[in-house]
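>
Dropping the structure here:
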């Protein structure tokens, strides 16, 4: 009986070849995986203007679950690197992010844009949320 050769292309071919030991798979490494662009909710209730007056690099932010929040059991706080509370991830997008965090995944954020409001206040802060390696 003759041997039958099956050709696979793309990722399937790489995986099948790796299984047979004939192809080396190049897997890209990334420390951060983009999830969503959004804004910080509740800025008016916290000292956002003072916390976001840093020049240069966009400030890195910390995201922290707040399961005891009486208004939203899936709440995610947005904090500066030194722990100052800026507000929250908007409620309408936090369910999936909260579940990821509850499962032990690390999420991070960075400020992408700060819109100035009236009288020197911060109007809106846009953020980029990503999954990061532990």
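Residue numbers (our numbering): 233 to 366.
Even for Gly, the Cβ is constructed at its ideal location relative to N, Cα and C.
#1: Go to residue 296, then tell me how far its beta strand (DSSP E) extends in each direction, as first and last residue.
#2: Exposed or buried, what is residue 365 when buried is set at 16 or more other beta-carbons lying within 10 Å of its beta-carbon?
#3: Who are residue 351's beta bridge partners in DSSP?
#4: Assuming residue 272 and residue 342 make a contact with CB atoms under 8 Å, what is their CB distance in whole Å?
#5: Quick one: what's residue 270 bridged to in DSSP?
#6: In the structure shown, what three-state DSSP assignment does residue 364 receive?
By the coordinates alone:
#1: The residue given as residue 296 occupies position 64 in the chain shown. 292-297 is the span of the beta strand (DSSP E), which, as asked, contains residue 296.
#2: For this step, residue 365 is matched to residue 133 along the chain shown. Counting Cβ neighbours within 10 Å, residue 365 comes out exposed, since fewer than 16 surround it.
#3: Taking the chain shown and counting its residues from 1, one reaches residue 351 at position 119. Its beta-bridge partners do not exist; DSSP assigns none.
#4: Indexing the chain shown from 1 puts residue 272 at position 40. Indexing the chain shown from 1 puts residue 342 at position 110. The pair is not a contact, with the Cβ atoms about 12 Å apart (cut-off 8 Å).
#5: For the purposes of this step, residue 270 is taken as the residue at position 38 of the chain shown. Paired residues: 359.
#6: On the chain shown, position 132 is the one that residue 364 refers to. In the structure shown, residue 364 sits in a strand (DSSP, three-state: E or B).
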